[in-house]
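Written out below as structure tokens is the structure these notes cover.
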Amino acid sequence: MIIDQLHLVNFKNYRESSFSFSPDLNFIYGENGNGKTNILEAISILCYTKSFLMNSESDCLKYGEEAFEIQGIFKNRVESKNKVSLVYKKENNERQLLSDGEKVSKTNEYIGRFPLVVLSPYDLKLTMGLQQERRRNFDLLISQVSKVYLNDLRKYQKIIKQKNSLLKENTISKRYSYNELKELIGIWNYELLDLAVKIMLRRLDFTEEFRSYMNSSFSRISGLRYIPVIIYQSDLLDLNGINGFDDLKNLLQKILDEKLDTEIKRGASLVGPHRDSYVFCMDKNGENFEMRSFASQGEHKSFVVSLKLSEFDYINENLKHTNTGKPILLLDDVFSELDKNRIKRISEFINEFNQVFITSTDIEHLKILKNDLRDTKSFHIMNGSSEMIV
Ligand SMILES: Nc1ncnc2c1ncn2[C@@H]1O[C@H](COP(=O)(O)OP(=O)(O)OP(=O)(O)O)[C@@H](O)[C@H]1O
Ligand SMILES: [Mg+2]
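Taking the working numbering, I'd label the letters of the sequence shown as residues 20 to 409.
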């Protein structure tokens, strides 16, 4: 998929702007605070239905305005067009997503239509930051290639929310006796068990499949001979040697029963994939070092950059038999964060990519990226308006 046209109305610092993009390389440059990242954010909202920076719609509404609109025209491999728009109204805090004029009521069915991979300075914290961010990152990735996963995940999250509010509420209100509560939680546990097992197995399969992508992109980006390792693990149960659905289901059921008392005491649900971890390590000569504690700044960067390039390959491979094809790639401000060597290496990948958007404060960076094979458009952004330089 590529995005051919973008039209913004009252989105952040844009009053009304239109962009006609190259199907290959789009270079967006301008000084700090002029609105480069805002363009990428608008694209991410159309693809993910949410901002990659996790801003809410109200944050994106231009100061003092009542409504914003983001409109995009996407094209797939066979050039068939899809016009989508997202309108947000401050009154009622209401948002509406339209696809070719029709209201999209289920975002589950929409996500994955325009696959997207983003690398921004924000992602450079993935190796160091919270577990929740790593889970969210991979959930979004797997969801873009699997509707089944996304549906299971959403159903599971709904149940966990209800289970949590029951547990939490009862610590204060003491509305139910211990035995009553135990019975009620048992019902939620029954509801969530199969979903939890499916999600965990999918994540285990994913980490297995993802390994080869990580290996090859890491060696290309860093030139190091270490092996990047991503381990999916649960604090409460050993996922090594799990033998299929029933095996994991029995194990999880056992832990859910064992931890029921603790869950009631703490007023929170403690068992299940919403608490599991992705651990990032570096295998140096057969020994695993956890990134969070041991990696150097440069190793963190190489890890995250190869992670994102692997995401591109993973989506590409999983969707190669569909008309959707390769994902769009957004590289926000990578020049300020990465050294010349890594940028050079990324630019060597550039012909393998699909449509790419790169922001930078320096037009000189275009020289590193530009080559005869790619159709390139440059946009000079000045205070929420754009001038296209061909
Ligand atoms: N809701 C809003 N309404 C109006 N302007 C906004 C809103 N939210 C952010 N802005 C403005 O948008 C600008 C930031 O835009 P953006 O982050 O796209 O800049 P940038 O060009 O990527 O800068 P940098 O090079 O520093 O990353 C800021 O000047 C900010 O004040
Ligand atoms: Mg920016």
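Glycine residues also receive a C-beta, built at the ideal position from the N, C-alpha and C atoms.
Residue from Val216, Val137, Tyr297, Ile178 whose Cα sits closest to the Cα of Lys327: Val137
Ile261 beta carbon less than 8 Å from that of Leu255: no
My parser needs the beta strand (DSSP E) runs of 3 or more residues fully inside the stretch 336 to 373; what are they? 347 to 350
If I'm right that Asn4 touches Asn342 with Cβ under 8 Å, what's the distance once you round it to whole angstroms? The first residue shown for the chain is 20 and the last is 409, placing residue 4 beyond what the model contains.
Should Ile408 be labelled buried (16 or more other beta-carbon atoms within 10 Å of its own) or exposed? Looking at its Cβ environment, which holds fewer than 16 other Cβ atoms inside 10 Å, Ile408 is exposed.
When every heavy atom of ligand 1 is checked, does at least one fall within less than 7 Å of the C-beta of Leu143? no
Helix, strand or coil: which one does DSSP assign to Asn307? strand
I'd like to check one pair, Lys187 with Gly286: are the Cβ atoms closer than 8 Å? yes
Same chain, Cβ closer than 8 Å to Ile334, five either side skipped, listed in chain order: Pro134, Val136, Leu160, Gln163, Val164, Lys345, Pro346
How should Asp302 be labelled, buried or exposed, when 16 other C-beta atoms within 10 angstroms of its C-beta is the threshold for buried? Exposed.
Contacting residues, own chain, Cβ-Cβ under 8 Å from Tyr48 (five flanking each side not counted): Contacts found: Lys55, Thr378, Ser379, Thr380, Asp381, Ile382, His384, Leu385, Ser397, Phe398, His399, Ile400.
Going by the C-beta, is Asp352 closer than 7 Å to any heavy atom of ligand 2? yes
Asn402, DSSP secondary structure in three states: DSSP places Asn402 outside both helix and strand once states are collapsed to three, so it counts as coil.
Within the same chain, show all residues whose beta-carbon is closer than 6 Å to that of Ile204, passing over the 5 residues directly before and after it, in chain order. The beta carbon of Ile204 is closer than 6 Å to none in its chain, skipping five residues each way along the sequence.
Could you give the residue range of the alpha helix (DSSP H) that holds Val167? 166 to 192
Closer than 7 Å: Lys109 CB and nearest ligand 1 heavy atom: no
Can you grab the Cα-Cα spacing for the pair Val353 / Asn337, in whole Å? The alpha-carbon atoms of Val353 and Asn337 are separated by roughly 26 Å.
Of the choices Ser39, Phe46, Tyr33, Ile22, whose alpha-carbon is the least far from that of Ile369? Phe46
Distance, Lys359 Cα to Gln115 Cα: Rounded to the nearest whole angstrom, the CA to CA distance from Gln115 to Lys359 is 42 Å.
Kindly examine ligand 1 and report whether one of its heavy atoms sits closer than 7 Å to the Cβ of Asp7. Residue 7 cannot be examined here, being either before or after the span of the chain that is shown, 20 to 409.
Who are the Cβ neighbours of Lys102 in its own chain at under 6 Å, not counting the five residues just before and after it? Ile92, Asp119
Which residue wins for smallest C-alpha separation from Glu98, given the options Arg239, Ser41, Leu59, Met20? Selected option, being the one with the closest Cα: Met20.
I'd like to confirm something about Thr56: is its beta-carbon nearer than 7 Å to some heavy atom of ligand 2, or not? yes
Continuous beta strand (DSSP E) assignments of at least 3 residues falling wholly in the stretch 194 to 277: For the stretch 194 to 277, the full-length beta strand (DSSP E) segments reaching 3 residues or more read 246 to 252 along the chain.
Bridge partners for Thr378 per DSSP, in chain order? Under DSSP, Thr378 shares a beta bridge with Ile47.
Please list the terminal residues of the continuous alpha helix (DSSP H) segment that includes His293. That residue, His293, is in no alpha helix (DSSP H); it is neither H nor E in DSSP.
Taking buried to mean at least 16 other C-beta atoms within 10 Å of its own C-beta, is Arg364 buried or exposed? buried
Report whether the distance from the Cβ of Ile400 to the nearest heavy atom of ligand 1 is below 7 Å. yes
Which residues bound the beta strand (DSSP E) around Asp23? 21 to 30
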